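*Asks:*
Number of protein chains: 2
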Amino acid sequence: MDRISAQLAFLIEADRLKSVLRATKLCDKSRRENTAEHSWHIALYALVMAEHATRPVNVDRVIKMLLLHDLVEIDAGDTPIHGAVDADHQAAIEQKAADRIFGLLPADQNAEFRALWEEFEAAQSDDAVFAKSIDRVQPVISNLETDGGTWPEYNVTPDQLETRVGVKVRRGAPAIWDALKTRIDLWFTQNRPGSVKK
Amino acid sequence: MDRISAQLAFLIEADRLKSVLRATKLCDKSRRENTAEHSWHIALYALVMAEHATRPVNVDRVIKMLLLHDLVEIDAGDTPIHGAVDADHQAAIEQKAADRIFGLLPADQNAEFRALWEEFEAAQSDDAVFAKSIDRVQPVISNLETDGGTWPEYNVTPDQLETRVGVKVRRGAPAIWDALKTRIDLWFTQNRPGSVKK
């Protein structure tokens with residue numbers, strides 16, 4: 006297959022990400038969010054919020070990571086952060102998905118994009134740590150905008166939100182978590198009285 | 006308002022782009038595409054296809070332009086390329102939308118993003134010319150993947166496709182248009198016999 010045909014095959018396959026649904030709802034509560042529009046939204050978050058990264062980041066690399074980071078969900082589906090999942094099993098499925106989907110590209114782009122995705126998954130580099138923070142914070146904001154969103158459905162406690170989300174957001178973008186903390190505590194105080202430690 | 010609150014207000018407002026529907030359908034024909042997921046898809050197109058730009062481009066700037074380019078549709082709506090529209094009136098509405106939406110940001114980011122959007126709209130710089138090509142080519146591919154997609158609905162002729170779309174794609178990314186031309190001609194030959202000039 007020639008180079009452009011391989012690139013087009015990848016881009017046409019990517020269209021399917023628009024049909025992968027996430028737990029999170031749109032801010033107007035009209036429907037659940039899909040992973041393609043989520044990917045756009047967090048790339049925009051990164052562009053706007055890069056100045057709040059714990060350590061200086063290359064925002065262009067962060068944006069590329071975020072555009073690519075969820076393509077594996079075309080095969081592997083979305084795994085809600087507050088749901089129960091076998092992490093090793095899910096990781097194996099996602100590796101296989103990455104083989105297939107990035108494998109549609111010409112070899113040099115397959116290698117380049119795969120490396121960016123692996124870097125994101127490893128969450129060790131400054132760019133990846135910030136990208137992961139941004140990926141975690143957008144659903145929190147959607148939940149705050151939709152009366153708690155998925156939190157009641159998954160019986161999320163403040164401790165759980167701190168452990169599964171807060172720690173990761175703080176790692177890459179502490180100022181954003183600080184800015185949201187008052188609203189988060191207020192929601193839990195009003196909706197799950199007694200769950201917020203004084 | 007403090008800086009993070011202004012940034013969050015902009016990002017929450019941006020969520021509404023997920024509810025702006027375009028004429029184009031998803032490749033599986035299940036529903037019409039929204040502008041947020043379209044914006045993600047063309048940013049990915051730019052990342053994959055930058056090597057085919059007529060003149061060398063800064064792909065990072067192109068991606069930023071494409072992430073931002075349709076935010077005005079939150080107020081102004083989408084204008085199908087093959088529909089009838091008063092261009093001056095639409096431009097005035099979009100300017101007003103840009104004032105309001107980018108105006109939610111801190112002043113420095115408002116100025117930076119507005120300048121990128123104006124550059125895209127002007128379609129003069131190498132980056133903007135390529136960005137416009139990519140924005141035009143993705144719906145053509147969706148239409149080819151969905152048995153002509155919106156072409157029958159808007160009674161599109163090969164001449165019209167060439168004038169409204171082909172010229173613009175060729176300007177920024179001629180190799181991509183060349184790669185699609187055979188499929189396009191075949192569709193019109195099979196579905197609108199006599200409309201393709203020999």
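Sequence lines, in order, name chains U and V. Under our numbering, think of the first position of the first sequence as 6, with each following residue one higher. Under our numbering, think of the first position of the second sequence as 6, with each following residue one higher. We put the beta carbon where it would ideally sit given N, CA and C, even for glycine. Because the structure is a prediction, the values reported are computed rather than measured.
List the residues of chain U that LYS69/V touches, going by C-beta distances under 7 Å, in chain order.
*Replies:* Taking the first residue of the second sequence as position 1, residue 69/V is located at position 64. Those are LEU52, listed as they occur along chain U.
*Asks:* Counting only beta-carbon separations shorter than 8 Å, does LYS186/U have a partner in chain V?
*Replies:* Position 181 of the first sequence, counted from the first residue, corresponds to residue 186/U. Taking Cβ atoms only, chain V never reaches closer than 8 Å to LYS186/U, which makes this a no.
*Asks:* Decide if ALA89/U is buried, meaning its Cβ has at least 16 other Cβ atoms within 10 Å, or exposed.
*Replies:* By one-based count along the first sequence, residue 89/U stands at place 84. Classification for ALA89/U: exposed.
*Asks:* With DSSP as the reference, please indicate the residues paired to ARG105/U in a beta bridge.
*Replies:* Position 100 of the first sequence, counted from the first residue, corresponds to residue 105/U. ARG105/U pairs with nothing; no bridge assigned.
*Asks:* Here's the rule: buried if 16 or more other CB atoms are within 10 angstroms of the residue's CB, otherwise exposed. What is ASN39/U?
*Replies:* One-based indexing of the first sequence puts residue 39/U at position 34. Burial call: buried.
*Asks:* CYS32/V and THR151/V look like a contact to me (Cβ under 8 Å); what is the Cβ gap, rounded to whole Å?
*Replies:* As a first step, residue 32/V is located in the second sequence; it is residue number 27 there, counting from the start. As a first step, residue 151/V is located in the second sequence; it is residue number 146 there, counting from the start. The pair is a contact, with the Cβ atoms about 6 Å apart (cut-off 8 Å).
*Asks:* How big is the Cα-Cα spacing for ILE189/V and VAL142/U?
*Replies:* Translated into positions along the second sequence, residue 189/V becomes position 184. Translated into positions along the first sequence, residue 142/U becomes position 137. Distance between the alpha carbons of ILE189/V and VAL142/U is about 43 Å.
*Asks:* Beta-carbon separation of GLY154/V and LYS30/V under 8 Å?
*Replies:* Within the second sequence, residue 154/V is the residue found at index 149, counting from 1. Within the second sequence, residue 30/V is the residue found at index 25, counting from 1. It is a contact, given that the beta carbons lie within the stated cut-off.
*Asks:* What do you get for LYS34/U, buried or exposed, if any count of 16 or more other CB atoms within 10 angstroms of its CB means buried?
*Replies:* As a first step, residue 34/U must be located in the first sequence, where it is residue number 29. When all chains shown are included, LYS34/U counts as exposed.
*Asks:* In whole angstroms, what separates the C-alpha of ARG119/V from that of ILE106/V?
*Replies:* By 1-based counting over the second sequence, the position of residue 119/V is 114. By 1-based counting over the second sequence, the position of residue 106/V is 101. Computed Cα separation, rounded: 10 Å.
*Asks:* Alpha carbon to alpha carbon, what distance is there between THR168/V and ALA28/U?
*Replies:* The residue labelled residue 28/U in the question sits at position 23 within the first sequence. The residue labelled residue 168/V in the question sits at position 163 within the second sequence. Approximately 43 Å between the Cα atoms of the pair.
*Asks:* Which first and last residues belong to the alpha helix (DSSP H) in which GLU124/U is found?
*Replies:* Reading the first sequence from its first residue, position 119 is the one you call residue 124/U. Where GLU124/U is concerned, the enclosing alpha helix (DSSP H) stretches over 112-127.
*Asks:* Can you tell me the Cα-Cα spacing of THR162/V and TRP45/V, whole angstroms?
*Replies:* One-based indexing of the second sequence puts residue 162/V at position 157. One-based indexing of the second sequence puts residue 45/V at position 40. Rounded to the nearest angstrom, the two C-alpha atoms are 29 Å apart.
*Asks:* 8 Å is my cut-off, CB to CB: does HIS74/V come that close to chain U?
*Replies:* Start at 1 with the first residue of the second sequence, and residue 74/V comes out as number 69. It does not: the Cβ of HIS74/V has no partner Cβ on chain U nearer than 8 Å.
*Asks:* Closer than 9 Å, Cβ to any Cβ of chain V: which residues of the region 98-116 of chain U, in chain order?
*Replies:* Hits within the stretch, in order: LEU110, GLN114.
*Asks:* Residues in its own chain within less than 6 Å of PRO144/U by CB, not counting five upstream and five downstream?
*Replies:* Indexing the first sequence from 1 puts residue 144/U at position 139. Around PRO144/U: THR29.
*Asks:* Does the distance from the CB of HIS87/V to the CB of TYR159/V come in under 8 Å?
*Replies:* Start at 1 with the first residue of the second sequence, and residue 87/V comes out as number 82. Start at 1 with the first residue of the second sequence, and residue 159/V comes out as number 154. The answer is yes: Cβ separation under 8 Å.
*Asks:* I want to know whether the region 54-61 of chain U touches the region 92-109 of chain U - three or more CB-CB distances under 8 Å.
*Replies:* They do not touch, by the three-pair rule.
*Asks:* So, does the CB of ALA180/U fall closer than 8 Å to a CB anywhere in chain V?
*Replies:* Here residue 180/U is taken as the residue at index 175 of the first sequence, counted from 1. Answer yes: the Cβ-Cβ gap between ALA180/U and chain V drops below 8 Å somewhere.
*Asks:* Is GLU38/V close to chain U? Criterion is C-beta to C-beta, closer than 8 Å.
*Replies:* Locating residue 38/V in the second sequence gives position 33, where the first residue counts as 1. True, the Cβ-Cβ gap to chain U drops below 8 Å.
*Asks:* Excluding sequence positions up to five away, which residues of its chain have a Cβ less than 7 Å from the Cβ of ASN63/V?
*Replies:* Within the second sequence, the letter at position 58 stands for residue 63/V. Hits under 7 Å: ASP132.
*Asks:* By DSSP, does ARG21/V sit in helix, in strand, or in coil?
*Replies:* To locate residue 21/V, count along the second sequence from 1; it is residue 16. In this structure, ARG21/V counts as helix in the three-state DSSP scheme.
*Asks:* So if I threshold CB-CB distances at 9 Å, which residues from the region 150-165 of chain U count as touching chain V?
*Replies:* The residues in question are GLU150.
*Asks:* If you follow the alpha helix (DSSP H) that LYS137/V is in, where does it begin and where does it stop?
*Replies:* Taking the first residue of the second sequence as position 1, residue 137/V is located at position 132. Element bounds for LYS137/V: 131-150.
*Asks:* Using a cut-off of 8 Å between C-beta atoms, extract the partners of PHE193/V located in chain U.
*Replies:* Walking along the second sequence from the start, residue 193/V turns up at place 188. The premise fails here: PHE193/V is roughly 19 Å from chain U at the closest Cβ pair, so nothing lies under 8 Å.
*Asks:* Check THR194/U in the structure and name its three-state DSSP category.
*Replies:* Position 189 of the first sequence, counted from the start, is the residue given in the question as residue 194/U. Residue state, collapsed to three classes: helix.
*Asks:* Using 8 Å as the threshold, is the C-beta distance between ALA103/V and VAL77/V below it?
*Replies:* One-based indexing of the second sequence puts residue 103/V at position 98. One-based indexing of the second sequence puts residue 77/V at position 72. Result yes, Cβ atoms of ALA103/V and VAL77/V sit closer than 8 Å.
*Asks:* Is it buried or exposed, ASP113/V, if we count other Cβ atoms within 10 angstroms and call 16 or more buried?
*Replies:* In the second sequence, counting from the first residue as 1, residue 113/V sits at position 108. By the 10 Å Cβ count, ASP113/V comes out exposed.
*Asks:* Using DSSP bridges, identify the partner residues of ASN63/V.
*Replies:* Taking the second sequence and counting its residues from 1, one reaches residue 63/V at position 58. Its beta-bridge partners do not exist; DSSP assigns none.
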